[in-house]
DNA sequence: GCAAAATGTCAAG
DNA sequence: TTGACCTTTTGCA
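Residue numbers (the working numbering): 20 to 281.
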């Protein structure tokens, strides 16, 4: 499900399967009918991801997709199954099919508009050469809580609610600490952890944030993927304190009040 | 059978 | 800060 790792993985897969030849594009649900007609049958140049945005270029047109909270892609070998549910966009070629549902954004834009979307975003931890220094310039000057800054896509592009909660726990950092209270060294550790976790997320296709070391010590079981995310009221895996929850930046926030003291 | 929740964002007030 | 929106899945009757 959709944080930055999902989009990068998806972009890579769509690019491998569809780029370089014509794609049949349709919108069985009808909501993307006009857009689909613009690109249907055109050759797909490439698919790329920036933060949580997906951009697929068909000549002068770019299909821009943002999965939002519930957007989902299903895919497989041709032939495509009969459409079901609210199928916003379907791609097919001789070998593959790919279905998009529930996206917040699925639209045809120009290359200029696509560039403007990317320009609004902060550095992407999943970029080939991640630019943590650019995010640091914002964070080191900000009085906003680090739990808010991590979710701000103009500060860092691609981090979502799971990575926010988990990376702050891993760094023993309170979500309520102001950005400017972090030292540069603490920031570098935090950023490196984000980059590492998200790359791992792309590889696996899902988010695992628990450390191998904690597995060995029996603090987490093999299948436990998270330290605090969605564990409100349960014992912290490290210290046993009940995991706290509240809302920050309009999303549920989870943290351990003992391990992550302000 | 229906309500609630879900890894997100934007606009209105 | 709140509500609206997109859709599917899960949990409780």
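Note that beta-carbon positions come from the ideal geometry of N, C-alpha and C, so glycine has one too.
Collapsing the DSSP output to three states places residue 119 in a strand.
Under DSSP, the beta-bridge partners assigned to residue 93 are 118.
Residue 128 and residue 83 have their C-alpha atoms spaced approximately 7 Å apart. Residue environment for residue 74: buried (at least 16 other C-beta atoms within 10 angstroms of its C-beta). Judged by DSSP in its simplified three-state form, residue 267 adopts strand. The DSSP-derived three-state label of residue 108 is strand. Ranked by Cα distance from residue 150, the first of 91, 93, 62, 213 is 213. Contact between residue 167 and residue 267 holds: CB atoms are separated by about 6 Å, below the 8 Å threshold. Assignment of beta-bridge partners to residue 73 by DSSP yields 68, 84. When the five nearest sequence neighbours on each side are left out, the beta carbons in the same chain lying within less than 7 Å of the beta carbon of residue 107 are those of 46, 48, 50, 51, 119, 120, 122, 125, in order along the chain. For a cut-off of 8 Å, the C-beta gap from residue 139 to residue 173 is around 6 Å, short enough to register as a contact. Of all alpha-carbon atoms in 40, 143, 58, 130, the one lying nearest the alpha-carbon of residue 115 is that of 40. Note that the stretch 52-72 does not touch the stretch 95-102; fewer than 3 beta-carbon pairs, one per stretch, sit closer than 8 Å. Where residue 126 is concerned, the enclosing beta strand (DSSP E) starts and stops at 124-129. Judged by DSSP in its simplified three-state form, residue 99 adopts coil rather than helix or strand. Closest in C-alpha terms to residue 252, from the list 204, 273, 239, comes 273. Close CB contacts of residue 191 within its chain, under the 7 Å cut and outside five residues either way in sequence, are with 278, 279 (chain order). In this chain, residue 167 is not harboured by any beta strand (DSSP E); it is covered by the alpha helix (DSSP H) spanning 165-168. The stretch 195-240 contains, as complete alpha helix (DSSP H) runs of 4+ residues, the segments 203-223, 231-235 (chain order).
DSSP places residue 43 inside the beta strand (DSSP E), whose first and last residues are 43-45. In the DSSP assignment, the residues bridged to residue 62 are 41. Annotated as distal: residue 216 and residue 235, with beta-carbon spacing of 9 Å or more. In the structure shown, residue 272 falls within a strand segment according to DSSP collapsed to helix, strand and coil. Residue environment: residue 225 is assigned as exposed (fewer than 16 neighbouring CB atoms within 10 Å of its CB, all protein chains considered). Taking the CA atoms as reference points, residue 209 sits about 44 Å from residue 53.
Note: residue 254 is bridge-paired with 261 in the DSSP secondary-structure output. Between residue 66 and residue 30, the CB-CB gap stays under 9 Å.
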